[in-house]
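Some notes on the structure that comes next.
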Amino acid sequence: MLENYTRYTPDKLPEFPLQLTERQWRKVLPPKQYGVLRGKATERAFSGEYYTNHSKGLYYSAASAQALFSSDAKFDSGSGWPSFYEPISPEAVVLVEDNSHGMSRIEVLDSSSGSHLGHVFTDGPKPTGLRFCINSAALVFVAEGNAPPNPPEDIN
16 MLENYTRYTP DKLPEFPLQL TERQWRKVLP PKQYGVLRGK ATERAFSGEY
66 YTNHSKGLYY SAASAQALFS SDAKFDSGSG WPSFYEPISP EAVVLVEDNS
116 HGMSRIEVLD SSSGSHLGHV FTDGPKPTGL RFCINSAALV FVAEGNAPPN
166 PPEDIN
């Protein structure tokens with residue numbers, strides 16, 4: 016099912032609509048979120064806020080407030096991170112080859128800001144066979160019926 020997604024290399028990324036300097040990102044994101052979203056850090060397994068969240072709603076990017084995943088696509092992968100078998104649309108994410116740390120993986124970015132969310136693997140459940148393994152710190156959950164989060168304001 017990865018064929019439904021455009022894949023990029025780190026040296027040829029699309030232009031992201033939300034452009035902030037790293038200084039501005041540090042102002043709008045708390046340190047843990049900055050580390051994950053902008054520094055590509057990973058939370059410890061089983062430590063994230065949304066790993067065991069079973070409420071109905073949407074998961075948004077903590078960087079851009081763009082809707083990314085529905086609770087309907089969330090499943091317990093046993094990995095220790097929130098896992099989804101698909102985003103709300105293929106255009107919500109950008110997939111990038113990631114050969115860091117001696118591994119070959121596919122990084123998942125928020126398509127609005129280019130912020131790191133996690134990785135996608137091909138060992139997920141039906142119907143897609145995909146496992147979007149996402150850091151809780153990269154997400155904001157909004158329960159069904161509540162207002163979506165506000166995007167960061169342009170900070171000088």
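Residue numbering for the sequence shown follows this note's numbering, beginning at 16 and increasing consecutively. Ideal Cβ placement from N, Cα and C applies to all residues, glycine included.
query                                                                                                                                                   : result
Using three-state DSSP, classify residue 117 as helix, strand or coil.                                                                                  : helix
Between which residues of its own chain and residue 56 is the CB-CB distance below 7 Å, once the five residues before and five after are set aside?     : 50
Which residues in the same chain have their Cβ closer than 6 Å to the Cβ of residue 139, if we skip the five residues on either side of it in sequence? : 100, 145 and 146
Quick check on residue 50: does DSSP put it in helix, strand or coil?                                                                                   : helix
In three-state DSSP terms, what is residue 71?                                                                                                          : coil
Tell me whether residue 116 is buried or exposed, calling it buried when 16 or more other Cβ atoms sit within 10 Å of its Cβ.                           : exposed
What residue from 67, 149, 69 and 164 has the CA that sits closest to residue 58's CA?                                                                  : 149
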